[in-house]
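Peer 1: Be aware that the sequence shown starts at 1, since it is given in full-length UniProt numbering, and climbs by one per residue.
All C-beta atoms, glycine included, are put in the ideal place defined by N, C-alpha and C.
Just so we're clear, the structure is a prediction, and the values are computed from it rather than from any experiment.
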Amino acid sequence: MACCSLRDASGRPAAGSARADDYIHPGSALGAYLTGSPIETRELAAPPIYPFRCNLSQRAAVENALTCSVSIFERPPGTGKTETILNLIANIAESTPQGDADDVIRASR
Numbered sequence: 001m002a003c004c005s006l007r008d009a010s011g012r013p014a015a016g017s018a019r020a021d022d023y024i025h026p027g028s029a030l031g032a033y034l035t036g037s038p039i040e041t042r043e044l045a046a047p048p049i050y051p052f053r054c055n056l057s058q059r060a061a062v063e064n065a066l067t068c069s070v071s072i073f074e075r076p077p078g079t080g081k082t083e084t085i086l087n088l089i090a091n092i093a094e095s096t097p098q099g100d101a102d103d104v105i106r107a108s109r
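(1) Measuring only the C-alpha atoms, how far is R59 from A90?
(2) In angstroms with no decimal places, state the Cα-to-Cα distance between C4 and P38.
(3) Who does T96 pair with in a DSSP beta bridge?
(4) So, helix, strand or coil for D21, using DSSP?
(5) For the candidate residues S69, F73 and T79, whose alpha-carbon lies nearest to that of A29?
Right, dumping it as structure tokens:
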């Protein structure tokens, strides 16, 4: 399995990389982005839940994040990014098998 190197075309460490020997897993979202792979989509396994207050735009962002391999939440301050991310985490935790849910919650802290 090949890795994505954090080096430029000439083989020098890429600007901003921490170390010359850092690698990105090719199966990760960042690896797909760096290699120019298309964004993968998937069907929703279940209707999303919204335990935190949100508007229609935030609901659409949660559904987009649950169905696409890459999703970016970029809005001005005070527009509900935190609630959107909390709703996303709630959906991931809800869809994760019981034994793995603690790992999802721990990783989000």
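Peer 2: Well, looking at it:
(1) 13 Å
(2) Note that C4 scores 49 on pLDDT, short of 50, meaning its location in the model is unreliable; the coordinates nonetheless yield the value given after this. If I take the Cα positions, the gap works out to 16 Å.
(3) None, per the DSSP bridge assignment.
(4) For D21, the predicted model reports a pLDDT of 46, less than 50, meaning its position is unreliable; a value from the coordinates is still stated below. In the structure shown, D21 sits in coil (DSSP, three-state: anything other than H, G, I, E or B).
(5) S69
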